[in-house]
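Asks: Here the sequence shown is numbered in my numbering, starting from 52 and rising by one per residue.
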Amino acid sequence: MNVKSIGFVGTGVITEAMVRGLLTAPAYASEIHVSPRSAHIAETLAGEFATVRIARDNQEVVDRSDIVFLAIRPQVAEEVVRELSFKAGQTIVSVVAATERQALIDWIGTDVHLVQAIPLPFVATRQGVTAIFPPDDTVAALFDTLGTAVQCQSRKEYDLLAAASSMMSTYFGIMETLAGWLEKNGLERAKGHAYIAPLFASLAQKASGPSAEPFSTLSREFATKGGLNEQVLSDVDRKGGMAALAAALDGVLARIEGRTS
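1. From what residue to what residue does the alpha helix (DSSP H) around S285 run?
2. Residues in its own chain within less than 8 Å of R306 by CB, not counting five upstream and five downstream?
3. Rounded to the nearest angstrom, how far is the Cβ of G72 from that of R177, given a contact under 8 Å?
4. Residue range of the alpha helix (DSSP H) that A298 falls in?
5. From the DSSP output, read off the bridge partner residues of V60.
6. Considering only DSSP beta bridges, list what V85 is partnered with.
7. Can you give me the Cβ contacts of E129 inside the same chain, cut-off strictly under 6 Å, excluding the 5 residues immediately before and after it?
8. Report all residues from its chain with a CB closer than 6 Å to the CB of L279; omit the five preceding and five following residues, and keep chain order.
9. Exposed or buried, what is T142 when buried is set at 16 or more other beta-carbons lying within 10 Å of its beta-carbon?
10. Pick out whichever of V166, A122, P186 has its Cα sitting closest to the Cα of G140.
11. What whole-angstrom Cβ distance do T181 and V163 have, given they're in contact under 8 Å?
12. Ends of the alpha helix (DSSP H) at T95?
13. Report the CB separation of A274 from E264 in whole angstroms; it is logged as a contact under 8 Å.
14. What does the alpha-carbon distance come out to for the pair M219 and S81?
15. In terms of residues, what are the limits of the beta strand (DSSP E) holding S262?
16. If you compare alpha carbons, which of S89, G63, G98, G309 is closest to R206?
17. Rounded to the nearest angstrom, how far is the Cβ of I65 from that of V146, given a contact under 8 Å?
18. Got a sec, what are the start and stop residues for the beta strand (DSSP E) F184 sits in?
19. In terms of DSSP beta bridges, what is V201 paired with?
20. Among V112, H91, S267, whose alpha-carbon lies nearest the alpha-carbon of V135?
21. In chain order, what residues of the same chain lie with their CB nearer than 8 Å to the CB of D108, ignoring the 5 residues before and after it?
22. Which of the three DSSP states, helix, strand or coil, is assigned to A80?
23. Measuring alpha carbon to alpha carbon, tell me which residue in T199, P125, T75, A97 is nearest S259.
24. Under the three-state reduction of DSSP, which class applies to S116: helix, strand or coil?
25. Beta-carbon separation of Y79 and T268 under 8 Å?
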């Protein structure tokens with residue numbers, strides 16, 4: 052599928068990643084319009100891709116685009132969105148984090164087709180998994196081009212996947228803890244990194260795909276009775292590691308759902 056014109060209000064890291072993914076051959080869009088803010092990113096993209104145009108302002112992005120992405124920080128989202136005039140029926144995709152859907156609708160003030168999405172940086176290489184709500188075949192097809200789209204049937208599903216995406220820093224934090232432990236015990240950091248990154252990537256690959264076994268099955272498979280993996284899993288769980296993780300996710304979900312300040 053090819054969309055004629057896509058626009059981005061906000062030109063940050065996620066916008067850059069999406070533009071790169073969308074314009075990887077074969078390109079998904081004939082034209083991409085980006086706002087002039089974050090001039091370095093906008094100019095870099097326009098210099099690399101002939102189909103990227105830097106708009107005069109955010110309103111020109113909206114006016115020239117069939118699909119408009121709102122890719123702005125939540126702290127300034129209301130101010131930016133309220134200043135814009137959208138076309139009735141226009142498809143708007145919000146990637147603004149931790150922002151209520153009804154608030155976005157109120158700020159837009161026009162009867163548009165609003166879809167929310169959580170793209171991650173891996174869309175740059177078309178390897179991202181993106182949750183969207185509500186289900187929308189056109190937007191899902193776009194994100195399928197960038198990896199995989201997961202269409203959520205309810206706001207609860209969407210919020211839960213948003214909470215799950217908060218695990219990325221913790222994932223790398225675990226890898227850093229392991230690398231630091233190896234270094235402390237005599238292994239140079241470069242060698243630890245060279246071993247850990249492919250190890251974790253292989254584990255993720257093992258759990259991917261439609262025929263992959265459940266996580267619980269894989270955990271048991273890799274925790275040989277009386278073995279080292281079983282020992283670490285048991286120690287982490289007994290010392291509250293799993294409970295602490297679940298509690299942290301509860302806190303994130305509460306924040307996403309607006310139950311905490």
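For each residue, glycine too, the CB sits at the ideal point set by N, CA and C.
Replies: Short version:
1. 279-289
2. A149
3. Rounded, the Cβ-Cβ distance is 5 Å, consistent with contact.
4. 292-307
5. Beta bridge pairing from DSSP links V60 with L121.
6. F59, I105
7. Exclusion of the five residues before and after E129 leaves W158 as the residues of its chain whose Cβ lies within less than 6 Å of its Cβ.
8. No residues qualify anywhere along the chain.
9. buried
10. If we check each option's Cα against that of G140, V166 comes out closest.
11. About 20 Å separates the two Cβ atoms, so there is no contact after all.
12. 90-99
13. Contact flag wrong, Cβ pair sits at about 14 Å.
14. 33 Å
15. Note, S262: premise wrong, no beta strand (DSSP E); not H, not E.
16. G309
17. Correct: roughly 6 Å between the Cβ atoms.
18. 179-184
19. Note: V201 sits in a beta bridge opposite A182.
20. At residue 135 the sequence reads Leu, which differs from the Val that was named. Nearest of V112, H91, S267 to L135, Cα basis: V112.
21. Excluding positions up to five away in sequence, the list reads S86, P87.
22. In the structure shown, A80 falls within a strand segment according to DSSP collapsed to helix, strand and coil.
23. T199
24. coil
25. no
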